[in-house]
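Working notes for the structure below.
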Amino acid sequence: MGDSAYWNPKTETLDREELDGLQLTKLRRNCEWAVARSAHYADTFAAAGFGPDQLSSLEDLRRIPFLTREEWMASQAQAPPFGRMPTIGPEQAIRVHTTSGTSGREPIRVLDGTKDWSWMGEMWAYGLWAFGVRPADVGYVAFGYGSFIGFWGLHYGFEKMGALNIPGGAQTTENRVRQIVDFGATVVASTPTYALRLAQEARQLGVDLPGSKVQRLILSGEPAGSIPQTKALIESEWGAKAADTAGMTEIGTIMMFECSHQPGGAHIIEDHVIEEVIDPATGEPVGYGEQGERVVTSFGRGAIPLIRYRTADLVCKVPAARCTCGRTFDIYDGGILGRVDDMKLVRGTNVYPRSVEAIVREFAEIEEFQIRITREGIRDEITLRVEVAESTPLETWPRMSDRLGNELAAAHEGLRFNVERAAAGELPRFELKARRTVDLRDQPIGAEGD
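Mapping to my numbering: the sequence shown position 30 is 32, numbers consecutive.
Shown next, in the form of structure tokens:
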């Protein structure tokens, strides 16, 4: 079957009834394990009047209370450093990882055992194989290895498949570009933002990335991996196909992947996870084709069971039949669409960073951008600051800025965006998750804190 062959046909092609049965069996075992060994789950299940014996169908999942980030953080504060969630102690664990801390809050800390870590590599192998990666490939991980879980699981996914694995750790962007070419990498993994940064660096160095051996890019860490305009730009810059994936430190690994058929979204790994989509205001489930908040129950991590975790990710689930690959795993249309708390209300209009980026990436001259929201008296102002390639003629800027402003207003109910040109190199660059929205409305004058 070529690139579309299955990593695990026994489960990737199960019909819905069989898949539901598998999920229910795993859910019962997971809840039994959690209530017996995790102080947090013992308390929350008891408070909700829930016991694993109440699970007679997947509908009974809704008897289980949600888990929120705030509860997890409170648990850490109550019993530092790892809280009351783990089922094991540090003496039984082999790894510690943390969230990236992009929200400005203290990161979540997680423990993993040997079995957990083997499972994480397996989940990445699902996604790699589905996109056509094979043992003969040479993988390059353009990631600053540290306590953030990032692409650690991908690293072991490459190893599990038998592919040659090049960890591109603490290096400059220039060195990474040269290694990608020198080692003959066929697969490169990075955030979408950093894939574009690598391409910019390659141009400055005179390196022909489209002429290199790179055939596939594995993107993760940002919603931009599923923004069609951003993905098209990345594929053009590299002369390679790009696939979106998504996961979380709290889950431990990826939970969705884009297969080689590229159906405009990511398959959920439904033999290892239950993914609900709920109305973020009411907590009630929403149907196929409706946007809502992603809630995850994961079966693979035993050290910290994850049961009905509210991720704050915005998603829209569609049936597996959307894709022609034959997998029966449902799909998140467009991958992760953003976050519940990403939306900014400006003069009565909802502004999502993903929508702004989709417009910005239509302009090939723009190398980096930033959204700034300020309050001038009683009026909110939103400004798009952009850096354009140095080769862009100065006289084209007025026309470009007018077009940008008009397209942004048309996409945002007529909301007027100020458009400013930043100096070359003025805006921040990102290796991990990009933070391009700066909301200064609640800060004292003169305290920007970028």
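Just so it is clear, CB atoms sit at the ideal spot from N, CA and C, and this is done for glycine as well. Predicted model only: the values in this text are computed from it and were never measured.
Beta-carbon spacing of residue i, residue j below 8 angstroms
i	j	result
Asp-441	Ile-375	yes
Arg-65	Phe-52	yes
Asp-222	Gly-254	For the record, residue 222 in the displayed sequence is Ser; it is not Asp. No, the Cβ-Cβ distance between Ser-222 and Gly-254 is not below 8 angstroms.
Gly-416	Gly-337	no
Ala-268	Thr-251	no
Leu-57	Leu-21	no
Asp-288	Ile-276	Per the sequence shown, the amino acid found at residue 288 is Val instead of Asp. No. Outside cutoff.
Ile-90	Thr-100	no
Gly-291	Val-320	yes
Val-348	Ile-384	yes
Pro-54	Glu-73	no
Leu-386	Val-353	no
Gly-155	Trp-131	no
Glu-124	Met-75	no
Integer-rounded CB distance, given that residue j should sit under 8 angstroms from residue i
i	j	result
Thr-330	Arg-18	7 angstroms
Pro-212	Trp-240	6 angstroms
Gly-309	Ala-36	Checking the sequence shown, residue 309 turns out to be Ile, not Gly. Their Cβ separation, rounded to whole angstroms, is 6 angstroms, which keeps Ile-309 and Ala-36 in contact under 8 angstroms.
Ala-305	Ser-357	38 angstroms between Cβ atoms; not a contact.
Arg-438	Pro-307	Contact flag wrong, Cβ pair sits at about 34 angstroms.
Asp-114	Arg-377	So it is not a contact: roughly 44 angstroms between Cβ atoms.
Ala-197	Ile-236	5 angstroms
Val-209	Ser-149	Between Ser-149 and Val-209 the Cβ distance is about 31 angstroms, and since that is not below 8 angstroms, they are no contact.
Pro-282	Arg-324	Not confirmed; about 24 angstroms, so no contact.
beta-carbon residue i near the ligand FMN non-hydrogen atom, thresh 7 angstroms
i	result
Thr-247	This structure lacks the ligand FMN, and indeed carries no ligand of any kind.
Close beta carbons around residue i, own chain, < 8 angstroms, minus the five adjacent residues each side
i	result
Glu-389	Ile-368, Glu-369, Glu-370, Phe-371, Arg-423, Ala-424, Ala-425, Ala-426, Gly-427, Glu-428, Leu-429
Phe-472	There is simply no residue 472 to check, as the chain begins at 3 and stops at 452 in what is shown.
Leu-24	Thr-13, Leu-16, Asp-273
Pro-11	none
Chain-order list of residues whose beta-carbon lies under 7 angstroms from that of residue i (same chain, five-residue window excluded)
i	result
Leu-207	Glu-176, Val-179
Asp-343	Ala-314
Glu-224	Thr-193, Pro-194, Thr-195, Lys-435, Ala-436
Ala-242	Val-216, Gln-217, Arg-218, Leu-219
Glu-203	Thr-175, Glu-176, Val-179
Glu-409	Ile-361
Trp-399	Arg-423
Thr-104	Low confidence applies here, because Thr-104 scores a pLDDT of 47, under 50, leaving its location unreliable; read the following figure in that light. These residues qualify, in order along the chain: Lys-435, Arg-437.
Ala-391	Glu-367, Glu-369
Cβ-based neighbour list, residue i, same chain, cut-off 6 angstroms, excluding 5 preceding and 5 following
i	result
Gly-85	Ser-77, Gln-78
Thr-394	Glu-367
Ala-41	Arg-86
Ala-50	Pro-67
Tyr-8	Glu-14
Gly-141	Phe-160, Ala-165, Asn-167, Val-189
Arg-205	none
Thr-351	His-414, Glu-415, Leu-417
Item to check | Three CB pairs or more closer than 8 angstroms across the stretch 319-338 and the stretch 252-267 | outcome: Yes, the stretch 319-338 is in contact with the stretch 252-267.
Checklist entry - If we count Cβ pairs, one from each stretch, closer than 8 angstroms, do we get three or more for the stretch 169-178 versus the stretch 127-138? => result No, the stretch 169-178 does not touch the stretch 127-138.
Checklist entry - Taking one C-beta from the stretch 352-367 and one from the stretch 216-236 each time, how about it: are there three or more such pairs within less than 8 angstroms? => result The stretch 352-367, when compared against the stretch 216-236, does touch it at the 8 angstroms Cβ threshold.
Checklist entry - Do the stretch 142-158 and the stretch 432-439 touch if we need at least three Cβ pairs shorter than 8 angstroms? => result Output reads yes: the stretch 432-439 touches the stretch 142-158.
Checklist entry - At a cut of 8 angstroms, does the stretch 157-167 reach the stretch 118-135 through at least three beta carbon pairs? => result Segments in contact, yes.
Checklist entry - Any chance the stretch 179-189 sits against the stretch 111-120, with 3 or more Cβ pairs inside 8 angstroms? => result Cβ pair count under 8 angstroms is below three, so no.
Item to check | Cβ contact (3+ pairs, closer than 8 angstroms) linking the stretch 311-331 and the stretch 282-296 | outcome: By the C-beta criterion, the stretch 311-331 is judged to be in contact with the stretch 282-296, since at least 3 inter-stretch pairs fall below 8 angstroms.
Item to check | Uninterrupted beta strand (DSSP E) stretches inside the stretch 243-313 (no shorter than 3 residues) | outcome: You should have 243-249, 256-259, 267-270, 275-280, 293-300.
Item to check | Entirely enclosed alpha helix (DSSP H) segments - the stretch 174-216, minimum 4 residues | outcome: Counting whole runs of 4 or more residues, the stretch 174-216 contains the alpha helix (DSSP H) stretches 175-184, 194-207.
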